[in-house]
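In UniProt numbering, the protein residues as written are 1 to 633.
Glycine included, every Cβ here is placed at the ideal spot set by N, Cα and C.
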Amino acid sequence: MGKFDEIHARSVADPEGFWGEAAEAIHWSERWDRVLDDSDQPIWRWFRGGKLNTCYNCLDRHVKDGNGERLALIYDSPVTDTVRHYSYRQLRDEVARLAGALAARGVGRGDRVIIYMPMIPETAMAMLACARLGAIHSVVFGGFAASELATRIDDCRPKMILSASCGIEVARVVQYKPLLDAAIMMARHKPERCLILQRPQERCELAPGRDEDWQEAVAGAEPADCVPVEATDPLYILYTSGTTGQPKGIVRDNGGHAVALKWSMQNIYGVEPGEVYWAASDVGWVVGHSYIVYGPLLSGNTTVLYEGKPVGTPDAGAFWRVIEQHGVTTLFTAPTAFRAIRQQDPEAKLLAGYDLAKFRTLFLAGERCDPDTLEWAQKQLKVPVIDHWWQTETGWSIAADCIGIEALPVKPGSPTKAVPGWRLEVLDPDGKPMGPGQVGAIAGRLPMPPGTTPGIWNGRERFVKTYLTNFPGYYETGDAGYIDEEGYVFVMARTDDIINVAGHRLSTGAMEEVLAAHPDVAECAVIGIADALKGQVPVGFLVLSAGVNRPHAEIARECVAMVRDRIGPVAAFKTAIVVQRLPKTRSGKILRRTMRQIADGEDYKLPATIDDPAILEEITQSLGGAGIGRKAG
Ligand code: COA
Ligand code: AMP
Numbered sequence: 001m002g003k004f005d006e007i008h009a010r011s012v013a014d015p016e017g018f019w020g021e022a023a024e025a026i027h028w029s030e031r032w033d034r035v036l037d038d039s040d041q042p043i044w045r046w047f048r049g050g051k052l053n054t055c056y057n058c059l060d061r062h063v064k065d066g067n068g069e070r071l072a073l074i075y076d077s078p079v080t081d082t083v084r085h086y087s088y089r090q091l092r093d094e095v096a097r098l099a100g101a102l103a104a105r106g107v108g109r110g111d112r113v114i115i116y117m118p119m120i121p122e123t124a125m126a127m128l129a130c131a132r133l134g135a136i137h138s139v140v141f142g143g144f145a146a147s148e149l150a151t152r153i154d155d156c157r158p159k160m161i162l163s164a165s166c167g168i169e170v171a172r173v174v175q176y177k178p179l180l181d182a183a184i185m186m187a188r189h190k191p192e193r194c195l196i197l198q199r200p201q202e203r204c205e206l207a208p209g210r211d212e213d214w215q216e217a218v219a220g221a222e223p224a225d226c227v228p229v230e231a232t233d234p235l236y237i238l239y240t241s242g243t244t245g246q247p248k249g250i251v252r253d254n255g256g257h258a259v260a261l262k263w264s265m266q267n268i269y270g271v272e273p274g275e276v277y278w279a280a281s282d283v284g285w286v287v288g289h290s291y292i293v294y295g296p297l298l299s300g301n302t303t304v305l306y307e308g309k310p311v312g313t314p315d316a317g318a319f320w321r322v323i324e325q326h327g328v329t330t331l332f333t334a335p336t337a338f339r340a341i342r343q344q345d346p347e348a349k350l351l352a353g354y355d356l357a358k359f360r361t362l363f364l365a366g367e368r369c370d371p372d373t374l375e376w377a378q379k380q381l382k383v384p385v386i387d388h389w390w391q392t393e394t395g396w397s398i399a400a401d402c403i404g405i406e407a408l409p410v411k412p413g414s415p416t417k418a419v420p421g422w423r424l425e426v427l428d429p430d431g432k433p434m435g436p437g438q439v440g441a442i443a444g445r446l447p448m449p450p451g452t453t454p455g456i457w458n459g460r461e462r463f464v465k466t467y468l469t470n471f472p473g474y475y476e477t478g479d480a481g482y483i484d485e486e487g488y489v490f491v492m493a494r495t496d497d498i499i500n501v502a503g504h505r506l507s508t509g510a511m512e513e514v515l516a517a518h519p520d521v522a523e524c525a526v527i528g529i530a531d532a533l534k535g536q537v538p539v540g541f542l543v544l545s546a547g548v549n550r551p552h553a554e555i556a557r558e559c560v561a562m563v564r565d566r567i568g569p570v571a572a573f574k575t576a577i578v579v580q581r582l583p584k585t586r587s588g589k590i591l592r593r594t595m596r597q598i599a600d601g602e603d604y605k606l607p608a609t610i611d612d613p614a615i616l617e618e619i620t621q622s623l624g625g626a627g628i629g630r631k632a633g
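Okay, here's the thing in structure tokens:
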């Protein structure tokens, strides 16, 4: 048995011993009563009875240990032409003052705070300041529309919202304030206050009585100390797409999260304290939470917070420039970023201008990593390229090549093996384990390791129903795939209506809800079709109400605008096609899978239960008319 297999075997045979030992690397103000508490089945809780503060573990302890002058965070923003460095001491001081400003405005343990901000250091400071006070943050990605923000405000009922005047995209400045104002107007719950950071690129008006200037509030604040919280207290809520328009507020606890993330930095990513680690994602996603903010800081690394894109800021050499300039050893991003770079610089000619001597490993996640992209990255960078699989719910890897333990051979198309703590199985629809190579639902035997979600905010029943009911004794990942004879996992597709657009997780069901609200639309379906850059993009099919005789192109344009307006630009919903009918089974189920196969030009079998096979021909023609797919056999 190799070293990895040995460690994995121990982690599942003796989870309490294994994670209890890992927990020694965290500073606790009170030790836990039990490593793993099973008193609230089917939910397990980690380190019940323990007390700690996540911000203390991220910042203060490093200062106390004599590492205050080590770089904690590098802000690199090609869109504003800024590079700023923060040592652990500076970051601790900034966070303590911001926490003081929040505390002075009544924010305390258990209060929710929404953070709707761009990729600037103050966003990370805001998260850490909440953690310092034991308040629960909920970061909302800037690419979402006002109504998505409003849904989250009503669900988590924040005492306060922290925002900024604007975000900066490649081609435009995104004003955040009008979106924030509209969201608060729409929401039933109203926050007591908003703290607004004025960015010089575009300032905004403050609403008297409700909004306060961030800098002024912080300038007058007394630094606040860390408040120890229960290991099982929520650190944050992060909303992710479910099967309906109602997003799920995934809860993360403090104790298990700190233990798992710190462990992952050395064991999965193979980085040592002091090294520069860069997750090129956005703090609005789980990757940003875990590996821009918490993971690297818990482990005493220098994290890079990058306000830019892989291409266009200014060119496809941007990633190489950042790696060289800051001495990055490890980069984590989504395959789509590499597809974007490759599209613009197929031979990676821009690499030649940079010295990547310190660069050791590239990690990819967020979507299926196509072997072509993996091999291109390997060839150009000449370092190990590691695909790893995880989800908002799990907070860190489910499957990975744990190079800090033992680098296993890479099999393109596979994120390698279940990481320590996870016992993965592939199940058939009746919940029976399937053999090697057989495709089914991928599920993890309970209990899941620490750091994984203990629940949905306001939704214990929803949590149990969504993840723990179909396959009793397992966590249902929602992903389908297979495991080969050597234990390598292959994640192929979702089992639900979630699609993955440029590494962003989106619900086609939520888009259908928006389209169905158009007055001329009687029925609709949204599917994700293959896209060379973004992996998948959504396409909508509209059946119009009887008697509607407005131009189809006009209605389609309105539908595209509605999705952008109600879900946000991040949905990348650009194509809506009017069709006469939707293909359905005799029981009325829309044949989305067959539509996707037609759109992707794949061969498909005529479903035995199809109501009227002629409709498929109509769909093929409609897609052809929109320049999508080819006639399938
Ligand atoms: N605030 C406001 N708008 C945002 C935004 C934000 N934080 N992030 C994205 N958007 C907008 C974009 O401007 C774009 O708007 P447009 O339709 O007006 O052009 C739209 O949302 C779609 O954005 P995106 O999916 O990022 O596409 P893109 O064409 O701008 O860039 C990539 C494509 C591949 C370069 C980009 O997706 C990328 O860098 N991906 C990296 C992977 C990543 O971060 N994954 C996250 C999980 S690891
Ligand atoms: P998110 O919750 O936004 O991180 O998205 C999680 C989903 O993205 C997973 O359920 C998968 O469908 C997909 N995903 C993430 N990483 C991978 C990967 N390495 N391989 C295949 N799919 C992935």
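Beta-carbon proximity of residue i to residue j, cut-off 8 Å
i                 : j              : result
serine 165        : arginine 203   : yes
valine 426        : isoleucine 483 : yes
valine 491        : isoleucine 529 : no
residue 645       : tryptophan 320 : Missing from the structure shown is residue 645; the chain here goes from 1 to 633 and no further.
residue 707       : methionine 595 : Outside the shown range of the chain (1 to 633) lies residue 707, about which nothing can therefore be said.
proline 415       : tryptophan 389 : yes
serine 281        : isoleucine 292 : yes
proline 607       : leucine 623    : no
phenylalanine 363 : threonine 336  : no
For residue i, the three-state DSSP class (helix, strand or coil)
i              : result
alanine 337    : helix
isoleucine 628 : coil
alanine 279    : strand
glycine 633    : Here glycine 633 scores only 37 on pLDDT, less than 50, and its place in the model should not be relied on; the value that follows carries that caveat. Three-state result, glycine 633: coil.
valine 251     : strand
isoleucine 610 : strand
alanine 400    : strand
isoleucine 590 : strand
valine 271     : coil
alanine 599    : helix
beta-carbon residue i near ligand 1 non-hydrogen atom, thresh 7 Å
i             : result
lysine 309    : yes
proline 538   : no
histidine 504 : yes
valine 139    : no
glycine 317   : no
lysine 159    : no
glycine 627   : no
Pairwise C-alpha distance: residue j and residue i
i              : j              : result
tryptophan 263 : leucine 297    : 12 Å
cysteine 559   : arginine 581   : 17 Å
threonine 620  : isoleucine 598 : 6 Å
proline 429    : asparagine 470 : 9 Å
glutamate 554  : glycine 317    : 40 Å
alanine 182    : glutamine 438  : 49 Å
glutamate 375  : isoleucine 268 : 21 Å
tryptophan 422 : alanine 13     : 11 Å
lysine 631     : leucine 506    : Reliability fails at lysine 631, whose pLDDT of 46 lies under 50, so the model's placement of it is uncertain and no value is given.
glutamate 21   : arginine 61    : 19 Å
cysteine 524   : aspartate 211  : 41 Å
valine 139     : leucine 162    : 9 Å
aspartate 496  : alanine 480    : 10 Å
arginine 368   : alanine 399    : 12 Å
glycine 220    : tryptophan 214 : 10 Å
alanine 231    : glycine 627    : 53 Å
alanine 493    : alanine 517    : 29 Å
glycine 588    : aspartate 611  : 8 Å
proline 450    : isoleucine 26  : 13 Å
Any non-hydrogen atom of ligand 2 within 7 Å of residue i CB
i              : result
tryptophan 390 : yes
tryptophan 422 : no
tryptophan 285 : yes
arginine 368   : yes
Contact test: residue i Cβ vs ligand 3 heavy atom, cutoff 7 Å
i          : result
lysine 349 : Absent from the structure shown: ligand 3. Ligands present: ligand 1 and ligand 2.
key: Given 8 Å, three or more beta-carbon pairs between the stretch 316–324 and the stretch 397–407   = no
query = Quick one: any contact between the stretch 171–179 and the stretch 121–134, if contact means 3 or more CB pairs under 8 Å?
reply = Using a C-beta cut-off of 8 Å, the stretch 171–179 makes no contact with the stretch 121–134, since fewer than three inter-stretch Cβ pairs fall below that distance.
query = Below 8 Å, can you find three or more Cβ-Cβ pairs linking the stretch 333–343 to the stretch 529–538?
reply = In the pairwise beta carbon analysis, the stretch 333–343 is classified as touching the stretch 529–538: at least three pairs are separated by under 8 Å.
task = Tell me, please, whether the stretch 93–100 touches the stretch 114–132 by the rule of three or more beta-carbon pairs shorter than 8 Å.
result = yes
message = Under 8 Å, with one C-beta from each stretch per pair, do the stretch 25–37 and the stretch 5–12 reach the 3-pair mark?
response = no
ask   = Are there three or more Cβ pairs, one per stretch, closer than 8 Å when the stretch 63–73 is compared with the stretch 183–194?
value = no
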